[in-house]
Structure formats: structure tokens, C-alpha cells
Amino acid sequence: MSTTETSPEENLPPADPNAVRITINGREVEARKGEWIIAAADRSGDYIPRFCYHSRMESVGMCRQCLVEVEGPRGPMMVVSCMTPVADGQIVRTDTPQVKRAHEGILELLLANHPLDCPVCDKGGECPLQDQAFSHGPGESRFIEEKRHYEKPIPISDIVLLDRERCILCDRCTRFADEVAGDALIHFTSRGNNTQVLTFPDEPFSSYFSGNTVQICPVGALTAKPYRFKARPWDLEKVESTCTTCSVGCRITVESSRDQLLRYQGVDSDPVNWSWLCDKGRFNFEAVGSDDRLAEPLVTSNGTLAPASWSVALRQAASLVSEAVAEGGASSVAILGGARGTNEDAFAWASFARALGVTLVDSQMGDGLPSSVFAYPQATIDEAAHANTVILLGPDLKEELPVLHLRLRDASEKKRSRLVELSQKETGLTRYAWTSTLYEPGLQSAAVQSLLDDPKVAAQVASGSVVIVVGRANLAESPEFTMDALRRLVDRIPGAKVLPVLRRGNVRGAMHAGLSTTDTVEVLRAAIEGRVNCLVTVGADPIADVPDADLVRRAMAAITRHISIDTFLTASNQNADVVLPAAAFGEKDGTTTNAEGRVTQLARKVTVHGTARPDWMIAVELADLLGIELPMGSVHEVHDAMVSNVPEFATVSRDALRRIPDGILVAGSQESRDDSAIRTPNDRAGFAYRLVVSRKLYDAGRNVEKSPSLAPLAPGAALHLHPLDLDRLGAADGAQVKVIGDRTSIVMKVSSDPSVRRGTAWAPFNQPGTNIGELIDADQPVNDVRVETL
Amino acid sequence: MLGSGAIMVMDHTTDIPRAALTLTRFYAHESCGKCTPCREGGTWLERILSRIVDGKGTDADLDQLFEVGESICPGAFPHASSSKLGLAATPFPYRMNTICFVGPSAYAPIHSALTLFRDEFESRVTKRHRIPVTSSGATS
Ligand code: SF4
Ligand code: SF4
Ligand code: SF4
Ligand code: FES
């Protein structure tokens with residue numbers, strides 16, 4: 026015998042102690058202890074109709090649609106399959122005349138008061154009620170009484186409308202709000218036949234996650250403004266893709282009709298988003314279809330940007346680059362951006378930079394962390410959500426990576442994990458945290474020290490797996506303090522893993538692909554010193570995104586040649602020499618890398634706006650005009666080149682990605698730790714506040730601003746002080762105050778906010794209104810402000 | 119026996135359909151609204167029965183009462199025996215599609231009244247007038 030194959034028996038996985046065998050409709054089915062019958066039946070292909078059951082929420086057994094017969098000691102019993110656990114040897118029937126009668130009966134009752142709205146209902150065509158009425162219903166209704174009537178529809182939030190006549194009271198939306206989002210602002214009111222879903226009086230259902238209720242509503246009772254009446258489900262075409270609005274990388278379907286993006290729906294990706302999306306990710310497709318999108322290249326002539334053909338614009342861009350190289354060498358060319366595109370876009374631009382010898386390259390906007398954060402043992406989102414202890418040393422995840430916030434909230438609520446929070450301002454997770462420490466900017470290492478010296482915390486941390494979630498908590502503070510605290514945490518907690526939470530959709534992919542050889546702040550300083558002869562921004566708006574407003578303003582003014590690749594005109598590129606229109610999300614193929622390093626596929630659904638081109642193609646064409654050959658003729662070729670050249674991407678072949686829609690984790694990073702010493706922040710003057718600046722979910726970023734449903738949700742600029750500090754100042758909540766920094770002062774609204782630490786002042790970044798960045802000096806380790814009443 | 123298991127004594131002058139309506143209305147009103155059969159079924163039963171009591175019912179409505187009841191409590195439903203009708207009793211328990219006993223309790227009075235006194239319901243439908251009564255039914 027020459028074969029070395031093992032016999033099939035030896036290949037069997039060890040017997041699962043939780044496995045049970047049940048019989049459904051005469052067939053044996055493998056199930057797991059504790060699982061509901063309906064879940065086992067879903068896997069065995071015996072579809073049981075349902076309305077209230079949702080696999081990602083607790084069962085409530087309210088609609089009674091999922092009745093089945095289970096063999097019992099006194100004959101068959103009718104039970105709800107969504108709340109009856111499987112048991113070894115259980116015999117289940119979903120197909121007897123009794124079960125059929127029960128299904129018909131419940132459906133007839135649900136339809137009794139249901140309006141005959143199907144022809145005008147958004148849900149028609151994909152409606153579980155309509156579908157199951159056909160498949161499991163009685164065929165006709167014998168209900169001849171007058172139906173229930175309510176005013177329809179009523180807005181329950183800025184985005185969501187509720188039609189109570191269509192509601193079948195399944196408790197999915199209310200359960201979601203309470204159980205998943207933790208924003209229990211919708212609930213049932215009244216009783217019996219008058220039960221309704223409502224918001225509390227004068228309190229709209231303001232949740233970052235409201236769109237999920239629309240997706241899980243099994244009828245057309247909840248509708249979302251951006252999609253209402255836009256299409257019929259049978260006209261929608263869909264492809265699976267990944268949201269790149271932030272770096273959670275939620276799996277979605279991208280849906281369009283007549284070549285227009287109309288809807289994103291969450292896909293249940295077990296390692297990532299569990300089918301949930303945040304509203305910003307769900308609804309910012311509106312920006313893709315915006316009339317303000319750049320449709321053709323623009324070239325400056327006589328001081329203004331005017332439309333030009335691609336060949337003219339590209340040639341102009343190429344000559345700007347060669348002039349710059351001729352003047353000061355390739356080291357006088359800078360490339361910023363690339364964190365919002367695909368891995369392929371980033372790799373093509375990184376290849377361009379390498380081929381030309383460009384070294385001033387960064388994909389972050391001075392608002393992230395250095396790439397040495399990837400040098401530590403990396404954790405996945407799922408590992409974080411199952412860790413014994415999660416140490417939070419970063420931004421408010423609810424504002425920056427919303428669905429990761431949901432996953433960690435769930436970990437805490439289900440008692441899997443204890444959250445140990447270190448933050449500069451209370452966050453969305455503070456009330457779920459096991460301990461929460463508010464530290465003053467610059468003092469995270471001291472906070473780490475005293476935290477780990479606490480015997481209770483030390484015991485907790487020693488009791489099992491630890492994941493440190495690390496990101497940039499404060500844009501008005503140097504990242505060195507966070508990196509130092511991270512170093513101390515990892516050194517003191519053996520086996521701790523790190524989940525870096527950098528915000529932009531593909532920032533990790535861009536960094537791995539090679540788009541971060543320096544730091545944007547360095548590039549801007551070089552520009553001010555006259556060392557940058559040409560700046561290329563790739564989907565980047567430094568003026569809006571770099572925290573230090575003065576630095577970026579002076580740098581942009583000093584730059585004599587600016588080539589911008591973007592989807593919109595922005596504050597940064599309105600004075601550029603060449604603006605090349607870029608293809609947006611949904612208009613291009615490729616792959617993306619999320620915060621944990623998971624690479625997934627993106628898919629094109631609609632044709633590009635105007636003559637826009639994907640970023641990678643622009644890099645290749647520009648290189649070509651400069652006499653550099655990048656051997657990448659298609660997005661596939663870019664991908665293949667990336668797989669062979671970038672060690673992190675070695676395992677993400679196109680073939681493998683097609684087979685694994687949940688994605689593949691990048692291979693271990695080549696980065697090394699940076700153990701350099703940190704500065705010591707100077708003492709804060711008596712009447713000064715240490716400044717904390719961080720992001721809100723909705724801001725003045727282009728994708729929000731150009732989405733009509735989201736733009737009004739940006740809270741606007743304001744300086745937030747603790748109520749006691751505000752008292753001491755003698756200013757009224759909402760008054761205008763003068764905020765004085767080292768370099769300048771600005772006038773802005775002041776807000777009383779108990780979630781702010783005393784002695785610090787917090788402001789949201791990049792909001793409509795006064796720019797808080799005026800008070801941020803990137804040279805300072807921390808920034809202080811004084812506040813005066815007017 | 120009617121309703122939830124409480125025993126009520128009524129004499130021959132009692133208007134049975136109206137008494138059943140009073141009890142059904144009570145349980146339909148008591149529904150918490152959580153589960154479909156009780157929330158929708160209880161009120162539906164009440165509305166059909168009140169039409170019958172008002173002399174506006176049809177033969178089909180009488181069967182419909184059992185049909186709606188079947189969606190609340192499938193299969194055989196308990197009732198007392200009747201020597202007049204030559205009917206044996208059906209014992210407890212019953213099967214139910216609801217979460218709790220409120221929904222079945224809305225059906226129970228209708229089921230047993232209609233099983234044991236169907237003629238009184240039929241006369242409401244066919245003669246369209248009321249049997250003279252002295253009591254408006256067992257209210258509590
Ligand atoms: S919710 Fe479904 S059944 Fe109801 S009107 Fe809309 S499409 Fe029709
Ligand atoms: S609105 Fe929709 S999801 Fe909410 S209870 Fe009604 S049917 Fe269920
Ligand atoms: S959490 Fe991030 S990836 Fe997920 S839907 Fe929101 S923006 Fe998109
Ligand atoms: S799906 Fe089981 S009761 Fe609703």
C-alpha cells in the first residue's frame with residue numbers, strides 16, 4: 026500500500042458533547058443542546074413560518090406562527106418552535122393537518138385587522154406576511170368587521186416612519202431597540218386589541234441603529250425615508266459587499282434599481298456584524314447618487330477649475346509631477362489618503378509611490394495611530410466580544426465604529442465579558458463597563474498603572490483572555506501617550522491581544538499595502554518648509570480631517586502643485602490644479618480590510634458617475650504618462666500583484682475570497698514595536714481646561730453632508746463642559762463663549778455635559794460651525810484652552 | 119360551566135347568547151395583547167357574537183365562531199354533557215395556541231353556549247328577535 030491517506034473515521038472531528046439528535050418530519054437532524062427547534066429546522070430545510078423569531082435576539086413566542094407538533098407522553102403537543110428547546114430523541118412534525126390548520130388560523134388572525142395596502146406598500150414583494158400568507162395561509166379571509174384604524178404613517182425618528190395599521194406586533198423592533206441597541210425608545214403602549222408600537226411622548230426614537238428595525242420588521246409597518254416608495258422589491262438587483270464607511274466592515278447587500286443605489290441591507294456575518302448596520306453606513310448611499318458628485322476632470326485655467334477631458338487632465342497631472350521631480354526630486358512629492366478606497370486602490374498608489382521614489386506617503390490624516398500598533402498580537406472582533414476582559418483604550422466606539430459597539434455591548438450584557446474602560450469622556454459603553462476610569466489627556470500611562478495595581482482589576486485580568494481595544498481617543502493630544510499606555514498594558518498582561526480601532530473604512534488595508542511611510546503631520550510640516558513641490562490627495566480632505574487647522578491651512582497654502590482624486594469638491598481640493606473624479610463605493614470592484622485585518626470582497630453594482638474612474642486605474646494611467654510601467658491592467662491584476670508582493674495579503678487570493686464571503690484575516694504584520702520615550706505633559710494652569718476632541722457619528726464629512734437624510738443629524742460645533750465647571754465659569758448652557766488657545770481664540774456655543782470630565786473641555790470634531798481645530802496645535806503633547814464669558 | 123372555571127348559576131330565563139357575549143367581551147378586554155390568537159381572536163369572537171346578539175348575524179357566523187375558536191384552541195374543547203342533546207361531556211384539558219389562558223377563556227363561554235344551546239343562537243339568526251329575558255346575563 027502506497028497510500029498515506031487516513032481512513033474517513035480517523036478524520037472525524039471529536040464527538041460534540043452538546044450534540045443531540047432529533048427527528049423532524051421523519052428525518053434525523055443533528056442539533057445542539059439549548060438550541061430552539063426552529064433553528065434546527067432551518068438547518069434541516071424544514072421551513073417553519075415565523076414573524077417574531079429572530080436568530081440574533083431572544084425569543085418571545087408572541088406571534089404564535091411557528092407552532093409545531095412535538096410527540097409527548099400524552100400524544101402530540103402543539104408548541105411554539107421558537108421557544109421550545111431541542112432534546113435528544115425529540116420527534117417534531119411541521120407538516121400534519123393540525124399544524125397546517127394552526128398556521129392558517131394564526132395567519133387569518135394576523136390578517137384580520139391588516140390593511141389591504143399591498144399594492145402601495147414598500148414591503149410588497151419581499152413581505153414575510155404576504156409570502157407566508159401565500160405559502161401557509163388560508164387563502165381568503167372571513168373577517169368582515171371594520172378593521173382597526175390609526176393615523177398612518179407617523180414619524181418615530183428623523184429617518185423612520187411607522188404605520189401602525191400594518192404592524193403585527195411581533196416585538197422585533199422594540200426588542201431590537203431594547204436588547205441590541207440599548208436605546209429603548211420605542212415600546213408597546215396600550216393593551217389587548219389596542220396594543221401599539223410607539224415612542225415615548227416628545228422623545229423620538231433617536232438611535233444610530235434605527236435602520237435595523239426597518240430591515241427586521243416582517244411587514245411594511247416601518248419604512249425608512251431614504252428608500253420609501255423608491256422601488257419595488259422585484260425591481261431591485263443586489264450584490265453582496267462590505268460597508269467601508271468605517272472600519273468595522275459590516276457585510277451588506279448593495280441594492281439598486283435602474284442603475285441607482287437605493288438600499289443597503291445588513292448580511293449576517295458571524296465574525297463581524299451579525300446582520301446589524303449603523304444608520305450612517307446604511308443610508309449614506311445617498312451621497313453616491315448625489316448631483317454634486319464630480320462627473321468629469323477639472324483643470325485650473327486662469328485661476329479657476331474648468332472641465333477638461335481625461336487625457337488633458339492626466340497629462341496636466343503628469344507634467345505637474347515631473348516638474349516637481351525635476352525641481353526637488355521624488356522626495357518632494359507627497360501622497361496623502363487612500364484609506365477610503367479598496368486594497369487595490371491603495372496598492373496601486375503605493376506601487377506608484379515606490380516606483381517613482383516617493384517617500385512622503387500617509388493614509389491617515391494625523392488623526393490615527395502609528396502603524397506600530399500592528400506589531401502587537403492582534404485580536405479579532407469576535408475574540409474581543411468573547412474575551413473575559415476587554416480593556417477599552419480608545420475612542421467612543423458608538424460614535425466611530427458603531428457595530429463594534431453593539432458587539433461589545435452584547436458581550437457585556439450577556440455576561441461573557443467585563444469591560445474595563447479608560448477614557449477621557451464617558452462613552453456609549455460606559456454604562457455597560459465593569460469599571461470605568463476617566464483620565465486627563467496625556468495621563469493614560471498613569472491611569473493604566475493605577476488600574477493594574479488595583480488587586481480587583483489585576484485578578485480580573487488574570488482570570489482569562491484579555492483583548493485591548495486601542496484607538497485615538499483625543500485628536501487634541503499626541504498619539505504617543507496612547508501608544509505608551511498600550512505598551513505598558515501588553516507588557517504587564519501576558520497573552521493580551523490588541524484590536525486596533527482606526528476609523529476609516531480601509532485604513533488598515535492602505536497601511537498594509539504600503540501607504541504609510543511617514544506621518545501626515547510630517548508631510549504638512551515639510552510643505553510649510555517648502556519641501557513639498559507636489560501633493561497628490563487620494564480621496565482625502567486634509568483641511569476637514571487634520572486636527573491642527575492652522576498647520577493644514579498653512580501647508581495647503583504653501584503647496585504649489587496639487588492633484589486631487591476625489592468624488593466631490595472639498596475644502597481641500599477646490600484650489601487644486603487638477604481634480605480627477607473617482608469612482609465611489611458601489612461603483613467599483615475590489616477588496617477591503619477591516620479593523621481586525623479581515624479582507625472581504627467589494628462589488629460594483631452601478632455604473633460610475635459621469636466619467637469617474639477607480640483610484641487604482643488613475644494611478645496606473647498617471648504612472649504610464651510618467652514613463653513608469655505598473656503591470657496592472659485590471660482590478661484583478663492589481664489584486665494578484667498585491668497578493669504576491671505584500672506579505673500581509675499573501676493568503677487572500679481571489680479564489681479564496683470567493684469561497685469565504687466572511688473574509689480572510691491578513692497574515693501577521695511586518696511592523697515592529699516603537700519603544701521610544703514619551704514627553705511629559707506640562708501642568709495645567711488653574712483656569713485652563715485640557716482639551717478633548719473626538720468624532721461624532723454624524724459630522725461635516727462629505728458622505729454625511731451629501732446624504733440628505735443624514736446631514737441634519739450632525740449635532741454642530743459646541744464646547745462641552747461639566748455642569749460644575751460651567752457653574753464656576755458663570756455661563757449659561759447654550760451661551761456663546763470665547764475659547765482661547767495658545768495661538769488664537771474662537772467664539773462658540775458652550776454646552777453643559779455631565780459626561781465630560783471636570784477640568785477638561787470636550788468638543789466634537791469636524792462639525793458644521795466653528796472649527797475646534799483652530800485650537801489644536803499638533804506640536805503640543807496636549808492642548809489647553811481657557812474659556813471666557815462674553 | 120362557563121369561562122375560566124368559576125361556577126355561575128343561571129336559570130332558564132337567562133339570555134344565553136348575551137351571557138356568553140358578556141363573558142367573552144370581558145376576556146377579550148382583559149387580553150394583554152402579546153400573542154396573536156388572543157389579541158385578534160378574542161376581539162373577533164366578541165364582534166361576531168355581538169352582531170348575532172343584535173339580530174344581525176348569519177348561519178355562517180355560527181360556524182365562524184367555532185372556526186375562530188379552533189385557531190385559539192385547536193382540537194376538542196371541553197364542555198358539559200347534555201341529556202337533552204344526548205351529548206357526552208368533553209373533559210379538560212384543552213390544547214391552546216396562546217401563551218396563557220386568557221385567550222382560551224374568551225372562547226370557552228362561546229364554545230359551550232353554542233354547543234349546548236345552539237337553538238338560542240339560531241333563533242337570533244333566523245327570527246331576528248330577542249327571547250324575552252329577565253336578566254341581562256351573568257355579569258359577575
Ligand atoms: S405589510 Fe405585507 S401584507 Fe401588509 S400591506 Fe405591506 S406587503 Fe401587504
Ligand atoms: S412595527 Fe414591525 S417590527 Fe415592530 S412590532 Fe410592528 S410588525 Fe413588529
Ligand atoms: S458600523 Fe461601520 S461598517 Fe458597519 S454599517 Fe456602520 S459604518 Fe458601515
Ligand atoms: S415565531 Fe415563534 S411565536 Fe413568533
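So the sequence lines, in the order shown, correspond to chains A and B. To get the numbering used here, take the position in the first sequence, counting from 1, and add 25. To get the numbering used here, take the position in the second sequence, counting from 1, and add 118. Glycine included, C-beta positions come from ideal geometry on N, C-alpha and C. This structure is a prediction, so every number in the text was calculated from the model and none was measured.
One finds nothing in chain B with a Cβ atom closer than 9 Å to the Cβ of Q157/A; even the nearest lies about 13 Å away. Relative to ligand 2, the nearest heavy atom lies less than 7 Å away from the CB of C192/A.
The three-state secondary structure of A644/A, taken from DSSP, is helix.
Ligand 1 never approaches H197/B closely enough for any of its heavy atoms to be under 7 Å from the residue's Cβ.
Scanning its chain for C-beta atoms nearer than 8 Å, with the 5 sequence neighbours on each side dropped, one finds around D179/B the residues I166, R169, I170, V243, in chain order. In the three-state scheme derived from DSSP, where H, G and I count as helix and E and B as strand, H537/A is classed as helix. When CB distances to chain B are screened at a threshold of 7 Å, the residues of the region 158-176 of chain A falling below it are R167, F168, E170, in chain order.
With a threshold of 8 Å between beta carbons, G217/A makes contact with chain B.
Comparing alpha carbon positions, the residue from C191/B, G204/B, P211/B closest to A127/A is C191/B. Unbroken beta strand (DSSP E) stretches of 3 residues or longer found wholly inside the region 613-690 of chain A: 615-618, 623-627, given in chain order. By the rule of a C-beta closer than 5 Å to any heavy atom of ligand 3, the residues picked out are C268/A, T270/A, C271/A, V273/A, C275/A, L302/A, C303/A, G306/A, P427/A, V428/A. Y78/A has its Cβ nearer than 7 Å to a heavy atom of ligand 4. The nearest non-hydrogen atom of ligand 1 is 7 Å or more from the C-beta of L549/A. Set against 7 Å, the gap from the CB of V105/A to the closest heavy atom of ligand 4 is smaller. Sequence-distant partners of V239/A (beyond 5 residues in either direction) whose C-beta falls short of 7 Å from its own C-beta, in its chain, are V185, L247, T248, A249. Taking the beta carbon of T154/B as reference, the chain A residues within 7 Å of it are C88, R89, I131, L134, L135, listed in sequence order. Shown in chain order are the members of the region 115-126 of chain A whose Cβ falls below 7 Å from a Cβ of chain B: Q123, R126. Judged by the Cβ position, V494/A fails to qualify as a neighbour of ligand 1 at the 7 Å threshold, every heavy atom of the ligand being at least this far.
Contact fails between the region 220-236 of chain A and the region 707-719 of chain A, because fewer than three Cβ pairs, one in each stretch, are under 8 Å apart.
Distance from the C-beta of V93/A to the nearest heavy atom of ligand 2 is not below 7 Å.
Each of P525/A, S659/A, L605/A was checked against the Cα of T618/A, and the nearest Cα belongs to P525/A. The C-alpha of F674/A lies about 25 Å from the C-alpha of V428/A. C198/A and C152/A do not touch by the CB rule: their CB atoms are close to 15 Å apart, not below 8 Å.
Shown here, K450/A sits in a strand according to DSSP, grouped into three states. Around the Cβ of L205/B, a 10 Å sphere holds fewer than 16 other Cβ atoms; the residue is exposed. Taking 8 Å as the cut-off, the beta carbon of C91/A is found no closer than this to the beta carbon of D196/A. Two segments are said to touch when three or more pairs of C-beta atoms, one from each, lie closer than 8 Å; by this definition the region 714-729 of chain A touches the region 415-430 of chain A. A direct Cα-to-Cα measurement between V93/A and M108/A gives close to 11 Å. With a threshold of 7 Å, the Cβ atom of K148/A counts as near ligand 1, since some heavy atom of the ligand is closer than that. Secondary structure at F372/A: helix, using DSSP grouped into helix, strand and coil.
Excluding its 5 nearest sequence neighbours in each direction, T233/B has C-beta neighbours in its own chain below 6 Å: H197, listed in chain order.
Counting C-beta atoms within 10 angstroms of its own C-beta, Q761/A has fewer than 16 neighbours from the protein chains shown and is therefore classed as exposed.
If the five residues before and after Y175/A are omitted, its C-beta is found closer than 6 Å to the C-beta atoms of R189, E190, all from its own chain and listed in chain order. Among the CB atoms of chain A, none fall inside 8 Å of the CB of R242/B. Using beta-carbon distances, S199/B does not count as an interface residue toward chain A, since no partner is under 8 Å. Cα atoms of V557/A and T545/A: separation of roughly 12 Å, rounded to the nearest angstrom.
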